[in-house]
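K.L.:
Quick one: structure below, then a few questions.
Numbering (our numbering), first residue to last: 36 to 534.
Right, dumping it as structure tokens:
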């Protein structure tokens, strides 16, 4: 390892340096984060998990009332528009909280793992209106608490969550020969069965067949959602009767039970091909697009010895020399880049100047109009004062949007909005392109203009990259015509855009 441990740990396994924050001293410091941070309340969904469950129930009730309403079409459209604005405003608040969670947290490895697993078990808030409220909840209650435990538990938690059941249309899947299926004249949806095998466990090319996909989908029938409470439910009346063979193992019987699909999930979690797929994917995310075979073998060995204990798998990854070699082999993805840049600029007391600015300039999204209509509570920015104050306030909110959610959309990685069930790309070539670098340069210019006042570019480079800064980068930053340009060049450097 040519870089110091703290530098490599912060850049490759975390979200970079933050002024005044202690860096990991050894591998145990990184592993301690996995269990330490799950005891800390997560910043999203805004208002907390219990309040979000109530907000989802309220939205479902409002949508149900709207469907049953005798109002004319124009009134119905106006009512639905209000609900859409409320849900969108809530989603934007959650997305901002998710961004700031990564910026503020001293546990960068835990935050990176949370991002990895949320992407591995991808869902999208664009699927439906309620999903704007459900998807942030999914990461907070289904993913984060289990990323340091057994993979089997994480798989079950992700699979059973309403976000996954809605996103992959499991809520619409009925056994063709079940009582409910025959009564409703609806049939099987294979989406969850397919992605369970291809993406979540075994991996593409692992040897399963279309017959296995269909059988897995059959075993999953009965697993659905309670649409009133928006929670998972198992309904035997829509479960396909009989036995179904997946990868040579038979599940089910005369009466279908929830234990059938749970047994299948456990068997898939224990499959050696699942271990190989997940371990390789972890190594690709953190270390290299083509990871060392010995590293993968060490990780899968730890998986086998511990029955899929993810903490042991992370430990095996961090213990292997390949994890600390060839720095800069991976590209910082857009979310990584924006978080690392905001962390680097987040000097100051308390949570830092960057966080204070974002928290003070939440997007309004017509929140005042929404609040007047009742329903879900909205945090409405104070727009009182004279015209000049309102203009300044509006510009500040526009800047916060441009440096946060707007930037992530332009760079192609908006929070909780992946392009497909496969999630966002991991490869270096997907993120280091001419257009991507142009966006990053523009972001760096705007961010340093907003937050870089009083910073010396040479000291900033040292604090931001540690001993990863190369001699030519140090020279270029030192020779910049002014401080703002020097700070911008530090964030645009090859070292800052790689990990």
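Using N, Cα and C, we set each Cβ at its ideal position, and we do this for glycine too.
Do residue 259 and residue 309 count as a contact pair if the criterion is CB distance below 7 Å?
P.N.:
Result no, Cβ atoms of residue 309 and residue 259 do not sit closer than 7 Å.
K.L.:
Which of the three DSSP states is assigned to residue 284 in this structure?
P.N.:
Reduced to three states, the DSSP call for residue 284 is strand.
K.L.:
Tell me, to the nearest whole angstrom, how far the beta carbon of residue 317 is from that of residue 151; I am working on the premise that it is less than 8 Å.
P.N.:
Confirmed, Cβ separation roughly 7 Å.
K.L.:
What does a CB cutoff of less than 6 Å around residue 178 pick up in its chain, not counting 5 residues either side in sequence?
P.N.:
Cβ neighbours of residue 178 beyond the five flanking positions: 152 and 153.
K.L.:
Can you round the beta-carbon distance between residue 186 and residue 345 to whole angstroms, since I take them to be within the 8 Å contact cut?
P.N.:
Rounded, the Cβ-Cβ distance is 6 Å, consistent with contact.
K.L.:
Do you know how far the Cα of residue 203 is from the Cα of residue 226?
P.N.:
Their backbone Cα atoms lie some 5 Å apart in a straight line.
K.L.:
Here's a check: name, in chain order, each residue in its chain whose Cβ is nearer than 7 Å to the Cβ of residue 250, leaving out the five neighbours to either side.
P.N.:
Closer than 7 Å at the Cβ level, and outside the excluded window around residue 250, lie 279, 280 and 281.
K.L.:
Using the C-alpha atoms, what's the distance from residue 121 back to residue 405?
P.N.:
With a pLDDT of only 35 at residue 405, under the threshold of 50, the placement of this residue in the model should not be trusted, and no figure is reported.
K.L.:
Taking the straight line between their C-alpha atoms, what separation do you get for residue 479 and residue 188?
P.N.:
Taking the straight line from one Cα to the other gives about 40 Å.
K.L.:
Around the Cβ of residue 525, are there at least 16 other Cβ atoms within 10 angstroms (buried) or fewer (exposed)?
P.N.:
Result: buried.
K.L.:
Can you pull the DSSP bridge partners for residue 259?
P.N.:
Paired residues: 268.
K.L.:
Take residue 350 and list the residues in its own chain whose beta-carbon comes closer than 8 Å to its own, dropping the five residues that flank it on each side.
P.N.:
Hits under 8 Å: 62, 66 and 337.
K.L.:
Less than 8 Å between the CB atoms is what I'm expecting for residue 52 and residue 498, so what's the real figure, rounded?
P.N.:
At roughly 6 Å, the Cβ-Cβ gap stays under 8 Å, so residue 52 and residue 498 are in contact.
K.L.:
Applying the criterion that 16 or more other CB atoms from any shown protein chain within 10 Å of the CB defines a buried residue, is residue 42 buried or exposed?
P.N.:
It counts as buried.
K.L.:
Nearest-angstrom Cα distance between residue 451 and residue 93?
P.N.:
Going by the C-alpha atoms only, they are around 22 Å apart.
K.L.:
Run through the region 295-378 for me and flag every whole alpha helix (DSSP H) of 4 or more residues, listed as ranges in chain order.
P.N.:
Counting only runs of 4 or more, we get 307-321, 328-341 and 345-354.
K.L.:
Is the Cβ-Cβ distance between residue 287 and residue 277 less than 7 Å?
P.N.:
Going by C-beta atoms, residue 287 is nearer than 7 Å to residue 277.
K.L.:
Assess, as a yes-or-no matter, whether the region 155-174 is touched by the region 191-211 under the definition of 3 or more beta carbon pairs within less than 8 Å.
P.N.:
In short, these stretches touch, since the Cβ pair count reaches three.
K.L.:
Using CA atoms only, rank isn't needed, just tell me which of 149, 87, 164 and 367 is closest to residue 129.
P.N.:
Closest by alpha carbon: 87.
K.L.:
Which word fits residue 333, buried or exposed, when buried means at least 16 other C-beta atoms lie within 10 angstroms of its C-beta?
P.N.:
Answer is buried; the Cβ neighbour count reaches 16.
K.L.:
Does the distance from the C-beta atom of residue 126 to that of residue 167 stay below 7 Å?
P.N.:
Yes.
K.L.:
Quick check on DSSP: helix, strand or coil for residue 444?
P.N.:
Residue state, collapsed to three classes: helix.
K.L.:
Between the C-alpha atoms of residue 206 and residue 191, what's the straight-line distance to the nearest angstrom?
P.N.:
Each residue's Cα considered, the two are about 16 Å apart.
K.L.:
In this structure, how does DSSP classify residue 533 when only helix, strand and coil are distinguished?
P.N.:
Of the three classes helix, strand and coil, the one that applies to residue 533 here is strand, per DSSP.
K.L.:
Kindly identify the DSSP beta-bridge partner or partners of residue 278.
P.N.:
Answer by DSSP bridge pairing, in chain order: 287.
K.L.:
Residue 519 to residue 298, Cα distance in whole Å?
P.N.:
Approximately 58 Å, taken between the alpha carbons.
K.L.:
Classify residue 185 as helix, strand or coil using the three-state DSSP reduction.
P.N.:
DSSP places residue 185 in strand when its eight states are reduced to three.
K.L.:
Along the chain, where does the alpha helix (DSSP H) that runs through residue 218 open and close?
P.N.:
First-last of the alpha helix (DSSP H) with residue 218: 214-219.
K.L.:
Indicate whether the contact test is met: 3 or more Cβ pairs, each with one atom in the region 323-332 and one in the region 466-476, closer than 8 Å.
P.N.:
The region 323-332 vs the region 466-476: no contact.
K.L.:
For the alpha helix (DSSP H) containing residue 243, list its first residue and its last residue.
P.N.:
Here residue 243 belongs to no alpha helix (DSSP H), and DSSP marks it neither H nor E.
K.L.:
Hey, would you say residue 232 sits closer than 7 Å to residue 273, going by beta carbons?
P.N.:
No, the Cβ-Cβ distance between residue 232 and residue 273 is not below 7 Å.
K.L.:
So which of 148, 38 and 105 has the shortest CA-CA distance to residue 371?
P.N.:
Ranking the options by Cα distance to residue 371, first place goes to 148.
K.L.:
Express the C-alpha separation of residue 228 and residue 222 in angstroms, rounding to a whole number.
P.N.:
Roughly 14 Å between the two C-alpha positions.
K.L.:
Could you spell out where the alpha helix (DSSP H) holding residue 53 opens and where it closes?
P.N.:
No alpha helix (DSSP H) holds residue 53; DSSP gives it neither H nor E.
K.L.:
Check whether the Cβ atoms of residue 70 and residue 183 sit closer than 7 Å, and answer yes or no.
P.N.:
Yes, Cβ-Cβ distance for residue 70 and residue 183 is below 7 Å.
K.L.:
If you compare alpha carbons, which of 239, 261 and 111 is closest to residue 311?
P.N.:
The shortest C-alpha separation from residue 311 is found at 239.
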